[in-house]
Every structure is written in C-alpha cells, then in structure tokens.
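Q: Quick note: the sequence shown uses our numbering, first residue -4, plus one each step. Sharing a structure, written as structure tokens. Questions coming.
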Amino acid sequence: MMRVKYAAFVLLSFGITFLCSFSTEKGKPQQKQVLRRIIVDAGHGGEDVGARGRYSTESQISLEVALKLEKMLQEALPDVEIVMTRRTDVFHSVIQKADIANQAKGDLFVCIHVNSAAASKRREFIGYKTITVKRKGKTVKQRVKDYRTWTIPNPAMGTETYIYGIDKTDERKAVASEGLDEYLDSVSMKILEARRKTDANDPTKTMLANILTQQYFQRSAKLAMTIEEEFQTVGRISRKAQQRKKGIWVLQAVNMPAVLVETGFISNPDEEDYLNSEKGQMEICQVITKSIRIYKNSLENQAGITGAGSRK
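Written out as structure tokens, the structure is:
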C-alpha cells in the first residue's frame, strides 16, 4: 500500500512539474503554443431543438452562430485549429460532445446556446358570468366573476456566460452530482457510471484531475468575464459571468477550460430578431473572437512567450 501511495505521489509531482513548467534548451525556455486547438460546440441539434421562439429555434441559431464563429476564429487565429462538434442539424448527447472534445485534445471548449424565459401571465376582471353547478344532487345556477387571461413575452434580455461551478465541500459536490445526472438519458448514465468506477480505482488520475480542475476553473472564469465585458462594450446587456452546476454537464466533462455562452433570449421578440440577423450573429462572433484573442495573449504572457499580442 505504501509503495502504491509513493508511486502515486511521484507521478503526481511529475504531473505538476509538467503542467507548470516548460522544457529548456541551453538555458533558454522552449516556447510552446499555449492554445493549439479550440472546440466550438453548437448547442442542441436534431430532434433536440432547445428553446423555441416565434419563428426560430435554439438549435438553428446556435449552429448558424457556431459556423460563423469557426470562420472568424480561423481568420483571427490562423495558428489555432478549430474543431466543431457538429456542422449540420444532428443530435449528439452531451457525452458524445465531451468525447469529441477530449479525443481532439482541445485546449478550450466554447459552447454556443440561446436563452429563454417563461412568458408572463396576465389576468383582467371583465364582469360576471353564470355557471351551472350541482349541489346536494340538484342543479343550480351560480353567478361568478369572469376574467380574461393572456400571456405576454418575457422582457428578459441580454447575455450570460457560464462556467462549471466547483466547491470544496463534499456536501456541495454531492448536490452537484445529483444535478448533473438528472439531465442525462439512461444510456449516457450507464456510460458515466462505468467511467466513474474506473477513475475511482486510480488515485493518481484522481489527484491529477483535481489539480487540472482548479486550473481549468480559473482560466474558464477569466474568459467568461472577458466575454461579458466585451458584450457590454458593444452595447449588449450583460447578465454577467456565472457559475452553474445544473444542466451543463458537458462543461465539467471536457478536459480543458470551458465556457457556455447564452447569446440572448429567444423568448424576447426583439432579441429573437437580433439573434437571427446577420448583424447580430456577426457581433456575437466578434465579441467571442476578441475575448479568445485576449485570453490567448494572457496565457502567452504568463508563459513568457515572446511576441504575445496586446489587448486590442
């Protein structure tokens, strides 16, 4: 048992050293590309259309934005490979999306979504009406108040960028796990449980995963805040960068920093028009692209790579 623990400690130390340093040659640091591959995920797809607006769906808008983002990132960052989880209207489970990202060995995961808020209900008293009711076996007429009811679109609007929230307490981790599982189908659940059992038997993998999780969290948070700052710069309402555990399983399943961008509210007619417009979609892509350039420059500056760009 002691030998196993010692071996795990040695491997853990090696992992930390590998993650936090660069190899040297003749006393000079060897430059390493810090952002080689970005995974762009268009949310939903196929039979899973996501949120619905008056004339469009979340899956359709997400795909249109993701394809534009791919092209813009390729032009802005020619040294970075862009990998798409989908290019057409197809459905992939969240486990498939995570597998695509992990197998591609991405350095950053960017998920595109569209938000929605429930319609507001309204009720107005319009007078009285007579109804027929039964009382003690007899049919009688009764005068009651009459109301007109209707709904109006929820006025919620703006952007939100989510990262996966991590906590140190076992209790909160348990709650998070329960929240994640309720969004998985039965097939995905079986795959997930099998992987959990395998990882639980490997203490070295668990320790390294914990270190990486903290690193990914910090980088994800920085990018999420930058994205929301840039949305404000172009005049969008920002609902801030936020942590969330429920409903975003894929963010904690990918082995890389990850953000989920809620680009606007399809439930708001004005925002739905914006989300479907060429101007709106291009503006969203410009914000995300600029934020990723800032993120990339920051990583390069931290690594001491010469030629790292400045914030523009």
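Even glycine gets a Cβ: it sits at the ideal position worked out from N, Cα and C. Remember, it's a predicted structure, so these values are computed and weren't measured experimentally.
Going by Cα to Cα distance, which pick from S233, K133 and D43 is closest to E155?
A: With respect to the C-alpha of E155, the residue from S233, K133 and D43 having the closest C-alpha is S233.
Q: Can you name the residues that DSSP bridges to S115?
A: I147
Q: Can you round the beta-carbon distance between A248 and S215 to whole angstroms, since I take them to be within the 8 Å contact cut?
A: Not confirmed; about 13 Å, so no contact.
Q: What residue range does the beta strand (DSSP E) around E155 cover?
A: T154 to Y159
Q: If distances are taken between C-alpha atoms only, which option among I126, N149 and I107 comes closest to V139?
A: I126
Q: Rounded to whole angstroms, what is the Cα-Cα separation between D74 and P148?
A: 44 Å
Q: Measure the C-alpha to C-alpha separation of G337 and Y211 and round it to an integer number of angstroms.
A: The structure shown does not extend to residue 337, since the chain spans only -4 to 307, so no value can be given for it.
Q: Using only CA atoms, which one of V89, E53 and E223 lies nearest to E278?
A: E223
Q: Straight-line CA distance for V85 to V35?
A: 15 Å
Q: Rounded to the nearest angstrom, what separates A61 and K124 at their Cα positions?
A: 54 Å
Q: Find out if the Cβ-Cβ distance for the pair V256, V105 is shorter than 8 Å.
A: yes
Q: What first and last residue would you give for the beta strand (DSSP E) that runs through T258?
A: T258: member of the beta strand (DSSP E) spanning A253 to F260, first to last residue.
Q: Enumerate in chain order the residues of its own chain whose CB-to-CB distance from A46 is below 8 Å, with the five nearest sequence positions on each side excluded.
A: T52, E53, V109, N110, S111, I261 and S262
Q: Can you list, in chain order, the residues of its chain whose CB lies under 7 Å from that of I283, leaving out five sequence neighbours each side?
A: Excluding positions up to five away in sequence, the list reads L64, V105, I222 and V256.
Q: For I243, I'd like the list of residues in its chain whose CB is within less than 7 Å of its CB, leaving aside the five on either flank, ordered along the chain.
A: Y157, Y159 and L255
Q: Give the DSSP bridge partners of T228, in chain order.
A: The partner list for T228 (beta bridge, DSSP) is empty, contrary to what the question assumes.
Q: Hey, how far is the Cα of S88 from the Cα of N250?
A: 17 Å
Q: In this structure, what does DSSP give as the bridge partners for I34?
A: V78 and F104
Q: If distances are taken between C-alpha atoms only, which option among I121, I56 and E266 comes closest to P150?
A: It is E266 whose Cα lies nearest to the Cα of P150.
Q: Determine the contact status of Y290 and K217, defining contact as a CB-CB distance below 8 Å.
A: yes
Q: Give the C-beta separation of T80 and K92 to the nearest angstrom, bearing in mind that I take them to be a contact with Cβ-Cβ under 8 Å.
A: 5 Å
Q: Could you check the C-alpha separation between Q137 and V128 for me, to the nearest Å?
A: 7 Å
Q: Nearest-angstrom Cα distance between L68 and Q281?
A: 9 Å
Q: Give me the Cα-Cα distance between S18 and K27, rounded to the nearest whole angstrom.
A: Reliability fails at S18, whose pLDDT of 42 lies under 50, so the model's placement of it is uncertain and the value that follows must be treated cautiously. So the alpha carbons of these two residues sit roughly 9 Å apart.
Q: Compare the beta carbon distance of L103 and I33 with 8 Å and say whether it is the shorter of the two.
A: yes
Q: So is Q276 buried or exposed if we call it buried at 16+ other beta carbons inside 10 Å?
A: buried
Q: By DSSP, does A236 sit in helix, in strand, or in coil?
A: strand
Q: If you check the beta carbons only, do L270 and T258 fall under 8 Å apart?
A: In this structure, L270 lies near T258, with their beta-carbon atoms less than 8 Å apart.
Q: Since R239 and L72 should fall inside the 8 Å C-beta cutoff, what is the C-beta to C-beta distance between them, to a whole number of angstroms?
A: At roughly 27 Å, the Cβ-Cβ gap does not stay under 8 Å, so R239 and L72 are not in contact.
Q: How long is the line joining the alpha carbons of A96 and V78, rounded to whole angstroms?
A: 8 Å
Q: Which value, in whole angstroms, describes the spacing of the CA atoms of F297 and K100?
A: As written in the sequence, residue 297 is Gln, which differs from the Phe given in the question. When rounded, the distance between both Cα atoms is 21 Å.
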